[in-house]
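For the sequence shown, position 8 (counting from the first letter as 1) is numbered 10 according to our numbering, and the numbering increases by one without interruption. All residues carry an ideal CB built from backbone N, CA and C; glycine is no exception. Predicted model, so just to flag it, every value in this text is computed and none were measured.
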Amino acid sequence: MQETAADTPTAFARIDWGQPWLAPLAERGARWQEAALADYVTYLHSLNVDARRAALSTGRGKPLSFIAQDDLPPGASYEGHIAATGCVPTRHNLHDFFNASMWFQYPRIKAALNALQAGQIDALGIGPTRGGLRDALTLFDENAVIFASCDAGVSEVLRDFDWQTLFVTGRDGWGERCEARIFGHALLEKLVVPYKACTGHAWIVEVPSAYFSSDDAQRRAMLDERIAEMLLGDPPTSRDFAPLPVLGVPGWWPANESMAFYDDASVFRPGRRGR
3 MQETAADTPT AFARIDWGQP WLAPLAERGA RWQEAALADY VTYLHSLNVD ARRAALSTGR
63 GKPLSFIAQD DLPPGASYEG HIAATGCVPT RHNLHDFFNA SMWFQYPRIK AALNALQAGQ
123 IDALGIGPTR GGLRDALTLF DENAVIFASC DAGVSEVLRD FDWQTLFVTG RDGWGERCEA
183 RIFGHALLEK LVVPYKACTG HAWIVEVPSA YFSSDDAQRR AMLDERIAEM LLGDPPTSRD
243 FAPLPVLGVP GWWPANESMA FYDDASVFRP GRRGR
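Rendered as structure tokens:
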């Protein structure tokens with residue numbers, strides 16, 4: 003089996019499961035990391051053992067499995083192939099490592115994204131551009147941060163780019179009225195080597211206050227169901243997202259314990275309020 007677009011072992015070794023945004027992935031991810039450091043065949047085998055145990059499926063009900071990138075037939079579209087066969091072409095790199103992780107963390111969301119992408123491909127074919135809906139679906143898949151909130155006021159603060167209220171004066175509300183969970187696999191790849199300006203596209207989800215007294219598995223299940231229904235019921239546009247500098251999330255980065263961290267206007271931009 004030829005290996006396509008592989009990362010060096012050093013790239014996989016850099017994954018730090020102690021980072022708070024990776025904590026929900028750590029148990030399965032550490033096993034996959036060990037397999038990826040061994041070789042490509044061992045890595046794919048590990049993914050498929052877990053996929054069979056979890057009985058995952060695509061939006062069209064196909065049992066999910068992971069195949070080598072080179073096994074994608076010539077001329078076949080990535081999303082269309084997944085929808086038709088259940089087989090996810092997977093390279094031996096960090097980008098696809100985190101993509102596979104999201105199929106396990108949020109299987110309904112991933113299935114909904116795939117179903118919508120495949121539907122667009124069926125209807126319009128593959129052209130030089132994706133089109134507005136496919137662009138928005140790709141943005142979600144690659145760079146989304148799920149922002150769960152039980153307080154509409156907090157959600158509005160995020161939409162208004164009011165970073166001082168969101169991160170400074172409202173700091174104590176994190177974990178009680180709102181939280182962030184990274185979904186986008188390209189964003190997770192970037193955060194293997196974190197940098198201050200790293201920004202995700204926040205997808206805001208209103209949740210009941212009881213959400214914040216639930217455990218991690220219950221929270222993920224609630225978000226998975228709600229967001230999948232949102233996507234299928236009212237497909238997204240790029241305007242539905244709000245930018246979120248992820249290292250500003252309280253508890254995610256030691257430097258943000260100093261409130262001066264948020265004074266950097268090149269990262270925490272004034273946005274709509276400034277206009």
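| Query | Result |
| --- | --- |
| Assuming residue 71 and residue 93 form a contact by the criterion Cβ under 8 Å, report the distance between their Cβ atoms to the nearest whole angstrom. | 5 Å |
| Can you tell me where the alpha helix (DSSP H) with residue 24 in it begins and where it stops? | Element bounds for residue 24: n/a, residue is neither H nor E. |
| Under 7 Å Cβ to Cβ from residue 104, same chain only, skipping five residues before and after it: list those, please. | 112, 185 and 187 |
| Does the segment 168-185 come close enough to the segment 146-153 to have 3 or more Cβ pairs within less than 8 Å? | yes |
| Short of 6 Å in beta carbon distance, which residues of its chain neighbour residue 199, apart from the five on each side in sequence? Order them along the chain. | 269 |
| If we count Cβ pairs, one from each stretch, closer than 8 Å, do we get three or more for the segment 223-239 versus the segment 202-214? | yes |
| Are residue 116 and residue 60 close, meaning C-beta to C-beta below 8 Å? | yes |
| In this structure, how does DSSP classify residue 256 when only helix, strand and coil are distinguished? | helix |
| Look at the alpha carbon of residue 251 and the alpha carbon of residue 119, and state the distance between them as a whole number of angstroms. | 31 Å |
| Going straight from the alpha carbon of residue 8 to that of residue 95, what length do you get? | 5 Å |
| Quick check on the burial criterion: 16 or more other C-beta atoms within 10 angstroms. Buried or exposed for residue 210? | exposed |
| Grab me the residues of residue 80's own chain with a C-beta within less than 8 Å of its C-beta, minus the 5 sequence neighbours each way, in chain order. | 74 and 91 |
| Closest to residue 142 by C-alpha separation, out of 261, 233, 248 and 23, would be which residue? | 233 |
| Rounded to the nearest angstrom, what separates residue 216 and residue 228 at their Cα positions? | 16 Å |
| Does DSSP classify residue 183 as helix, strand or coil? | strand |
| Does the Cβ-Cβ distance between residue 58 and residue 109 come in under 8 Å? | yes |
| Can you name the start and end residues of the alpha helix (DSSP H) that residue 178 belongs to? | Premise fails: residue 178 is in no alpha helix (DSSP H) and is neither H nor E. |
| For a test of the three-state rule: what should DSSP assign to residue 135, helix, strand or coil? | helix |
| Going straight from the alpha carbon of residue 242 to that of residue 24, what length do you get? | 25 Å |
| Using 8 Å as the threshold, is the C-beta distance between residue 39 and residue 14 below it? | yes |
| Which residue or residues does DSSP assign as beta-bridge partners of residue 165? | Note: residue 165 sits in no beta bridge, so no partner. |
| Does the distance from the CB of residue 346 to the CB of residue 169 come in under 8 Å? | Residue 346 falls outside the range modelled here, since the chain spans only 3 to 277, and no answer is possible. |
| Would you decide whether residue 107 is buried or exposed? Buried here means 16 or more other CB atoms lie within 10 Å of its CB. | buried |
| Check for me: the beta strand (DSSP E) holding residue 203 runs from which residue to which? | 201-208 |
| For residue 62, I'd like the list of residues in its chain whose CB is within less than 6 Å of its CB, leaving aside the five on either flank, ordered along the chain. | 85 |
| With distances taken Cα to Cα, identify the nearest neighbour of residue 165 among 78, 29, 248 and 77. | 248 |
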